[in-house]
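Undergrad: Residues 228 to 342, numbered by the numbering used here, are exactly what the sequence shown covers, in order.
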Amino acid sequence: QVQLVESGGGLVQPGGSLRLSCVGSGSLFNIISRGWYRQAPGKQRELVATISSGGNTNYADSVKGRFTISKEDNAMWLLQMNNLKPEDTAVYYCNVLKSGRGMYWGQGTQVTVSS
Numbered sequence: 228q229v230q231l232v233e234s235g236g237g238l239v240q241p242g243g244s245l246r247l248s249c250v251g252s253g254s255l256f257n258i259i260s261r262g263w264y265r266q267a268p269g270k271q272r273e274l275v276a277t278i279s280s281g282g283n284t285n286y287a288d289s290v291k292g293r294f295t296i297s298k299e300d301n302a303m304w305l306l307q308m309n310n311l312k313p314e315d316t317a318v319y320y321c322n323v324l325k326s327g328r329g330m331y332w333g334q335g336t337q338v339t340v341s342s
């Protein structure tokens with residue numbers, strides 16, 4: 228089993244920055260990728276960014292150039308969010324994709340961008 232806990236969400240004005248953290252515990256091996264997804268009210272959960280075990284990153288077009296995903300160590304990864312926009316408002320979830328086991332999710336952290 229894998230347990231994931233996000234932190235760092237909050238209320239920020241447009242143009243501001245936040246840094247989200249995800250801390251994992253449990254069976255953190257055979258991980259294919261780590262990532263961040265988000266879900267806004269009334270919308271489906273969508274990919275924000277992923278980082279593979281080899282360090283390759285992938286971003287949604289809507290966040291390219293503004294968000295950066297990074298891995299601190301095997302159990303912690305970050306999402307630096309700059310120049311935030313109101314449309315970035317959502318619950319942000321971290322996840323891992325494990326070989327042969329599928330995806331594991333955190334409980335989510337709310338990000339609200341508003342003046």
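Glycine included, every Cβ here is placed at the ideal spot set by N, Cα and C.
1) Kindly indicate which three-state DSSP category Asp315 falls into: helix, strand or coil?
2) With Asp300 as the anchor, note down where its beta strand (DSSP E) starts and where it stops.
3) Report yes or no: do three or more beta-carbon pairs, one from the stretch 237 to 255 and one from the stretch 277 to 285, lie closer than 8 angstroms?
4) Compute the distance between the beta-carbons of Val239 and Leu311, then report whether it is under 8 angstroms.
5) Between the alpha carbons of Pro313 and Gly292, how many angstroms are there, rounded?
6) Pairing CB atoms from the stretch 316 to 332 with CB atoms from the stretch 262 to 275, are three or more of them under 8 angstroms?
7) Would Val232 be called buried (16 or more neighbouring beta carbons within 10 Å of its own) or exposed?
8) At the level of alpha carbons, what is the spacing between Ser326 and Gln337?
9) Compare the C-alpha of Ser342 against each of Gly242, Arg246 and Val229 and name the closest.
10) Relative to the alpha-carbon of Leu305, which residue among Val275, Thr339 and Ile259 has its alpha-carbon at the smallest distance?
TA: According to the structure shown:
1) helix
2) Phe294 to Asp300
3) no
4) yes
5) 16 angstroms
6) yes
7) exposed
8) 29 angstroms
9) Gly242
10) Val275
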